[in-house]
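Enquirer:
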Amino acid sequence: MFANDIGIDLGTATTLIHIAGKGIVLREPSIVAMDERNGQVLAVGDEAYTMLGKTASDVRVVRPLEDGVISDYEVTEQMLKHFFAKVNPSRVFKPRVCVCVPSAITEVESRSVIDTVMSSGARNVYLIEEPVAAAIGAGMDITRPGGIVVLDIGGGTSDIAVLSLNGIVCKTSVKMAGNKMNAAIVRYVRSTYNVLIGDSTADRVKREIGTVWTEGQPEKTIEVKGRNLVTGLPQKITLSSYELEMPLRIEVERIIVALQSVMEQTPPELVADIEKNGLLMTGGG
145 MFANDIGIDL GTATTLIHIA GKGIVLREPS IVAMDERNGQ VLAVGDEAYT MLGKTASDVR
205 VVRPLEDGVI SDYEVTEQML KHFFAKVNPS RVFKPRVCVC VPSAITEVES RSVIDTVMSS
265 GARNVYLIEE PVAAAIGAGM DITRPGGIVV LDIGGGTSDI AVLSLNGIVC KTSVKMAGNK
325 MNAAIVRYVR STYNVLIGDS TADRVKREIG TVWTEGQPEK TIEVKGRNLV TGLPQKITLS
385 SYELEMPLRI EVERIIVALQ SVMEQTPPEL VADIEKNGLL MTGGG
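Just so we're aligned: the sequence shown equals residues 145 to 429 in the working numbering.
Structure, rendered in structure tokens:
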């Protein structure tokens, strides 16, 4: 079964691989650790993620995808080769691969995805826009004439699309997603507490206590460790969901504006369906 069909969600933050008949067999960060002296790959995925902010000066930890598209082709190829070998150690047959891509991807960016995945060991490569894949994965019937609106918040981009009759009626993609929320938390902690925390710590804070609406909600807290920028020494601080509301809301409002823009472009007949059916929100951001 592996030789025939693989699905890849090649995300800015996380890569997922699905094998037909087996389900999701890999879910790892889209990160690679490299030796700056010779370009050798030292670690990929989960192992590389644990090295973030902890490496020597001659070791570089990179994210080869930026804002939902490939920014470093060679490193992405090395990462995918590693992931393919991990889920298919025998490598007897080259697989057919379907890759999720942002809805606003350009023709040049699409070509780079196809070329990179082919170079990584695929036999054939097919692209599917992320909102369409999300709707199908959620069991929604995209062939019917009624409108379906999908909001896919990833690591680098947020995709919004209205689907009907097997196609995308209107769409947009904004470079505001999980990574920007992490950066907002890092900035807030630095300016408020004079403490520097890493991206992985900010991501944990976001997932455990992050919110953009605290009214009527119980307060949540989390203790994190960082480096005091004055003394240079380690320091523990306690963050509250209440204090993170505004820093995160400022970022999320950009997604809301984009969603409103898409709805304004949607034909009135489909808006009525969307009002009845609601919004499908997905993504790992």
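Think of the CB as a built atom: it goes at the ideal place given N, C-alpha and C, for glycine as much as any other residue.
Fair warning: this is a prediction, and the values are worked out from it, not measured in the lab.
#1: Where does the unbroken alpha helix (DSSP H) through I272 begin, and where does it stop?
#2: Could you tell me which of P275, I353, G360 sits nearest to M425, measuring between CA atoms?
#3: Can you tell me whether A279 sits near the ligand COA, meaning its C-beta is under 7 Å from at least one heavy atom of the ligand?
#4: Taking all protein chains shown into account, decide if M390 is buried (16 or more other Cβ within 10 angstroms of its Cβ) or exposed.
#5: Can you tell me the Cα-Cα spacing of V349 and G189, whole angstroms?
#6: Hey, would you say T158 sits closer than 8 Å to S174, going by beta carbons?
#7: Provide the residue(s) that pair with A164 in DSSP beta bridges, ordered along the chain.
#8: Give the straight-line distance between the Cα atoms of I400 and T156, rounded to the nearest whole angstrom.
#9: By Cβ distance below 7 Å, which residues in the same chain neighbour T220 in space, the five residues on each side in sequence not counted?
#10: Give every residue of the same chain whose Cβ lies closer than 8 Å to the Cβ of M145, excluding the five residues on either side of it in the sequence, and list them in chain order.
#11: Ignoring anything shorter than 4 residues, give me the alpha helix (DSSP H) runs that lie fully in the region 348 to 380, in order along the chain.
#12: Does DSSP classify I399 as helix, strand or coil?
#13: So, at 8 Å on beta carbons, what are the nonlocal neighbours of S385 in its own chain, with the 5 sequence-adjacent residues on each side left out?
#14: For T382, collect the residues of the same chain with a Cβ closer than 6 Å to its Cβ; drop the 5 residues on either side in sequence, then sort them by chain order.
#15: State the DSSP-derived secondary structure class of L309, mapped to helix, strand or coil.
#16: List the whole-angstrom C-beta distance separating S264 from K230, where the pair is believed to meet the contact cut-off of C-beta under 8 Å.
#17: Taking T287 and L309 to be in contact with their CB atoms under 8 Å, please state how far apart those CB atoms are, rounded to whole angstroms.
#18: With distances taken Cα to Cα, identify the nearest neighbour of Q409 among L170, K420, V293, V205.
#19: Use the C-beta contact count for Q184: other C-beta atoms within 10 angstroms, 16 or more gives buried, fewer gives exposed.
Expert: Taking the definition as stated:
#1: Where I272 is concerned, there is no enclosing alpha helix (DSSP H), although the beta strand (DSSP E) it sits in stretches over 268 to 273.
#2: P275
#3: This structure lacks the ligand COA; in fact it carries no ligand of any kind.
#4: exposed
#5: 21 Å
#6: yes
#7: Looking at the DSSP assignment, A164 forms no beta bridge with any residue, so it has no partner.
#8: 21 Å
#9: P208, L209, I214, T260
#10: Note on M145: pLDDT 40, under 50, position unreliable in the model; the coordinate value appears next. Hits under 8 Å: I163, A164, G165, K166.
#11: none
#12: helix
#13: I353, G354, T355, T358, Q361, E363, K364, T365
#14: T365, E367
#15: coil
#16: Rounded, the Cβ-Cβ distance is 12 Å, inconsistent with contact.
#17: 7 Å
#18: V293
#19: exposed
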